[in-house]
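Following: one structure in structure tokens, then a few remarks.
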Amino acid sequence: MSLSHLTIQTNEEVSEALKSGKPIVAMESTIISHGMPYPDNVNLAYKLEDLVRSLGAVPATIAIIKGVPKVGLTKDEIEHLGKEGLKVTKTSRRDLPYVMMHQLDGSCTVATTMLLAASAGIHVFATGGIGGVHRGAETTWDVSADLREFSRSPVVVVCAGAKAILDLPKTMEYLETEGVAVVGYQTKDLPAFYSRTSGIPLEMSVESAKEISTMFRIQHDIIKSQSGILVVNPIPEEHSIPHEAIDSVIEAAVKEADEKGIRGKHSTPFLLEKIVELTKGKSLEANKALVENNVRLAVEIAKEMMKKE
């Protein structure tokens, strides 16, 4: 079996940006296939890519199309992922060889996006929230591969914290064990995705994108570490849902998932959809707002990284 067609491909826009040293921001594709219904998912993907361009950077949405890892998608490819939705294989690091071998379509999780972005030479990635340690993990051992990837792929990931459906204290403990820097952007409190605060203090915080760029240069160029940096960026105040209010909704969604035996990679899409239902769409609007907010910060960081000192 020839594997020549399975090389990582960058589209023309991303290839040119890599050659000329333009700032690039990677984005995941799970939000397209598994995060929102069609056509909201596709419209949001287009909007985020246009936002990156309007701010002076190049977007690189990452997915697998017919077995080929694509760093930078065409509009038709985004439309295809959006329409196929849950039929698209949710692809984490472990799934990548299988999806490629069978020439399947795959939407990339945070872990896979980090891996492919770093392989292509892209070091800034904007997403909504990362995976983490699930509630009840002391009995299920359900821990997202996203967390381990931070110790393997040198990428700055901008998010609004770990998804609020997770066990946030255990997630922070796991990241500490892996030696991952968790840095609050203009906050000293861990954001909780839909909420600006979780009540969990952060040991590291910065006020500017330049500081984040400097941290990455020290880590990557001087210390020669292959670890990434997790930047947690609170959701804008006007879209924030109080932690106490959303937590009761999450508990109800988690209880229903347990009763239905929904676990593993299927749990997050189920929980997020249930939360949208229980909040009457408010959580979906919050999700869109926080991703856009993260993209703006990621572009600033990518621009700082391109500056010569």
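The working numbering applies: residue 10 is where the sequence shown begins, and numbers increase by one. The beta-carbon is built from N, C-alpha and C at its ideal position, and this holds for glycine as well.
Sequence-distant partners of I259 (beyond 5 residues in either direction) whose C-beta falls short of 8 Å from its own C-beta, in its chain, are A173, I174, L280 and I284. Closest by C-alpha distance to L15, out of P68, H111, E86 and D49, is H111. Here P32 carries a coil assignment [DSSP, helix/strand/coil]. Boundaries of the alpha helix (DSSP H) harbouring S292: K291 to M315, taken from the DSSP string. Within its own chain, the residues whose Cβ lies closer than 6 Å to the Cβ of E313, once the five positions on either side in sequence are excluded, are A218, K219 and S222, listed in chain order. Counted as a single uninterrupted DSSP element, the alpha helix (DSSP H) harbouring T149 occupies residues A146 to T149. Close CB contacts of V133 within its chain, under the 6 Å cut and outside five residues either way in sequence, are with V34, V165, A307, I310 and A311 (chain order). Here I232 is exposed. Its C-beta has fewer than 16 other C-beta atoms within 10 Å.
A190 is positioned such that its CB atom lies closer than 8 Å to that of L239.
Sixteen is the threshold: since fewer than 16 other Cβ atoms of the shown chains lie within 10 Å of the Cβ of E25, the residue is exposed. Per DSSP, S222 lies in no beta strand (DSSP E) segment; the continuous alpha helix (DSSP H) that holds it begins and ends at A218 to R226. For I284, the secondary structure class from DSSP, reduced to helix, strand or coil, is helix.
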